[in-house]
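In our numbering, the protein residues as written are 129 to 583.
Beta carbons: idealized from backbone N, C-alpha and C, even for Gly.
Notes follow once the structure below has been shown.
This is how it looks when you write it as C-alpha cells:
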C-alpha cells in the first residue's frame with residue numbers, strides 16, 4: 129500500500145517537474161496578426177490544476193477572440209525566468225506565482241513596476257474579506273502610496289496532515305488540543321508503533337532546511353504560537369523588545385529540543401519541496417504540516433486513503449493556552465507596467481476574478497486552495513462535512529482567527545523570506561550548536577539591516 133501511495137504522489141510531482149514549460153491552447157508561434165496575451169503561471173501540483181486553468185483560458189479566448197500564450201513552469205523556475213525577463217525589458221503580460229505572492233510581488237510594487245489594479249478590485253470590493261484586501265494593498269515607493277497592485281486569486285492556511293489509521297493502531301483515540309499534549313501524542317504513537325509493529329517511522333515531519341519555503345511558512349506559524357510579534361502597527365521592527373527576543377529564543381530552543389530528542393525526522397534538515405509530502409505519503413513520518421491541501425489532494429482518487437486513512441487537523445492552542453491565530457497566504461496575479469498588452473491583461477483579470485469563474489476554477493483544481501471571494505464559500509463543495517480535509521480547512525479560514533503575512537504591513541519583510549532568515553537561525557542552533565539567544569539576536573539584527581535598506 130505504501131508503495132502505491134508513493135508512486136501516486138511521485139506521479140503528481142512528476143507532472144510538476146516536466147521539462148516542457150509551455151502548455152497552450154494555441155501555437156507558441158502565432159501566425160495571425162491578432163493580438164496575443166502572454167500568461168505565465170505556476171505549473172499545478174496536480175494535473176487538474178493545469179486543466180482548470182486551460183479551461184478558463186479557452187473560455188476567455190472564445191469570448192474575446194484573443195490568442196493566449198500560456199507558459200507553465202515549476203514555481204522556482206518560473207520566478208527566476210520572470211526576473212530575467214523583467215531585467216531584459218520583456219516581462220509577461222500576466223504573472224501568477226505562489227512563491228512570488230509573498231516575496232517578489234511586494235518588492236515589484238515597492239519598485240513601481242506593477243500596474244495599479246484598483247479599478248478591478250473596487251468593482252467588487254465588498255465581496256473580498258478585509259484580510260484578503262490587506263494582502264494585496266501594497267506600497268509603491270516610487271509614487272509614495274499604497275494601492276491594489278495585485279489581484280487575489282486563492283488562499284490557503286497551514287494544517288497538520290497525519291495518518292489516522294496509524295494513530296488508531298497505536299491506541300490513540302483523540303489528539304490533544306493543548307500545546308504539550310499535542311506534540312507529545314505523536315512521539316507516544318511513534319514509540320508504540322515501533323515497539324508493537326516494528327514500524328520504521330518518525331514522529332514529526334517538520335521541514336528545517338535553509339532553502340525551503342516550507343521552513344519559512346511553518347516558522348511564521350510558530351512565531352505566532354510563541355507570541356513573537358516582530359512588527360508594530362506601522363510595520364517597524366520591535367528590535368528592542370526583550371519579550372520578543374526571549375520568545376524567539378524559546379521558539380528556537382523548542383525546535384532544537386524536538387530535533388535532538390529524535391522526535392523530528394533526522395533528515396528534515398535537508399528537506400526541500402516536496403520532501404515532507406513524500407515522507408508522509410511513504411509513511412516515513414506520522415504527521416507533517418503543509419501550506420495547501422496538496423497531500424490529501426494527491427490521494428483524492430483513492431477514496432479509502434482520502435476518507436479513512438489520511439487526516440487533517442489544526443494546530444493546537446499556543447503554549448500560553450491562548451487560541452492559535454492562523455496565518456493565511458493569499459496567492460496573487462500581477463500585471464507589469466511594461467507589459468505589452470495592458471488592456472487585454474486587465475480584461476483577462478476581470479474575467480478570472482468573477483465569482484462564478486473563480487468558483488469553477490477552484491473546484492476543478494481539486495480544492496488545493498480556497499476562495500478569496502465571500503460568495504464562493506457558499507458553494508456546497510466547501511461545506512461538505514463528508515470531506516474531512518476541505519471541511520477542516522474551511523472551518524479554519526471562516527471560523528478561527530487569522531492574519532496575513534507581515535509583507536502586507538511592510539514589503540521589506542519579503543526579503544526576510546527571500547534570505548531564509550529563519551532557516552538560517554534554525555541551522556545555527558540545530559547544526560552549528562549556537563545558543564538560541566545568540567541565533568535570535570543575529571536574526572533580529574539581520575531583519576533590522578534588511579528594513580534599513582528599504583527606507
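Strictly by DSSP, which residues pair up with residue i?
i           : result
residue 439 : 290
residue 85  : Because the chain in this structure spans residues 129 to 583, residue 85 falls outside the shown range and cannot be described.
residue 169 : 200 and 224
residue 392 : 332
residue 387 : Answer by DSSP bridge pairing: none, since residue 387 is not bridged.
residue 413 : 330
residue 524 : Residue 524 is not bridged to any residue.
residue 545 : Paired residues: none, contrary to the question.
residue 364 : Bridge partners of residue 364: none, in fact.
residue 359 : 365
residue 282 : 459
residue 489 : Partner(s): none; residue 489 has no beta bridge.
Put residue i into one of helix, strand or coil per three-state DSSP.
i           : result
residue 154 : For residue 154, the pLDDT reaches just 39, beneath the cut-off of 50, and the residue's location in the model is therefore unreliable, although a value from the coordinates is still provided. Reduced to three states, the DSSP call for residue 154 is coil.
residue 314 : helix
residue 475 : helix
residue 114 : Residue 114 is absent from the model: the chain starts at 129 and stops at 583.
residue 297 : helix
residue 149 : Because the pLDDT at residue 149 is just 46, under 50, the model does not fix this residue reliably, and the value given afterwards should be weighed accordingly. In the structure shown, residue 149 sits in coil (DSSP, three-state: anything other than H, G, I, E or B).
residue 250 : helix
residue 380 : helix
residue 531 : strand
residue 271 : coil
residue 242 : strand
residue 569 : helix
residue 142 : Low confidence applies to residue 142: its pLDDT is 36, below 50, so where it sits in the model is not reliable enough to give any reading.
residue 195 : strand
residue 578 : helix
residue 276 : strand
residue 423 : helix
residue 469 : coil
residue 215 : helix
residue 583 : coil
residue 429 : coil
residue 518 : helix
residue 164 : strand
residue 303 : coil
residue 537 : coil
Would you say residue i and residue j are within 8 Å of each other, going by their C-beta atoms?
i           : j           : result
residue 231 : residue 315 : no
residue 283 : residue 498 : yes
residue 472 : residue 165 : yes
residue 397 : residue 408 : no
residue 455 : residue 517 : no
residue 378 : residue 354 : yes
residue 483 : residue 504 : yes
residue 243 : residue 465 : yes
residue 458 : residue 524 : no
residue 372 : residue 554 : no
residue 494 : residue 431 : no
residue 87  : residue 317 : Here the chain comprises residues numbered 129 to 583, so residue 87 is not present and cannot be evaluated.
First and last residue of the beta strand (DSSP E) that includes residue i?
i           : result
residue 264 : Segment 258–264 is the alpha helix (DSSP H) holding residue 264; no beta strand (DSSP E) there.
residue 233 : Looking at the DSSP string, residue 233 is not in any beta strand (DSSP E); the run it does join, the alpha helix (DSSP H), is 232–238.
Rounded to the nearest angstrom, how far is the Cβ of residue i from that of residue j, given a contact under 8 Å?
i           : j           : result
residue 549 : residue 383 : So it is not a contact: roughly 14 Å between Cβ atoms.
residue 461 : residue 279 : 5 Å
residue 290 : residue 452 : In fact, because the Cβ distance is near 17 Å, the residues do not count as touching under 8 Å.
residue 225 : residue 178 : The Cβ separation is near 15 Å, so there is no contact.
residue 366 : residue 357 : 7 Å
residue 551 : residue 413 : About 19 Å separates the two Cβ atoms, so there is no contact after all.
residue 199 : residue 220 : 7 Å
residue 238 : residue 539 : 5 Å
residue 463 : residue 222 : 6 Å
residue 404 : residue 342 : 6 Å
residue 425 : residue 322 : Not a contact, Cβ separation roughly 29 Å.
residue 440 : residue 521 : 7 Å
residue 286 : residue 345 : 6 Å
residue 257 : residue 502 : 6 Å
residue 376 : residue 537 : Actually they are not in contact, since the Cβ atoms of residue 376 and residue 537 sit about 18 Å apart, beyond 8 Å.
Quick check on the DSSP output: the alpha helix (DSSP H) that includes residue i runs from which residue to which?
i           : result
residue 462 : Here residue 462 belongs to no alpha helix (DSSP H); instead the beta strand (DSSP E) covers 454–462.
residue 179 : 175–192
residue 406 : 403–409
residue 343 : 341–353
residue 552 : 549–558
residue 509 : 508–511
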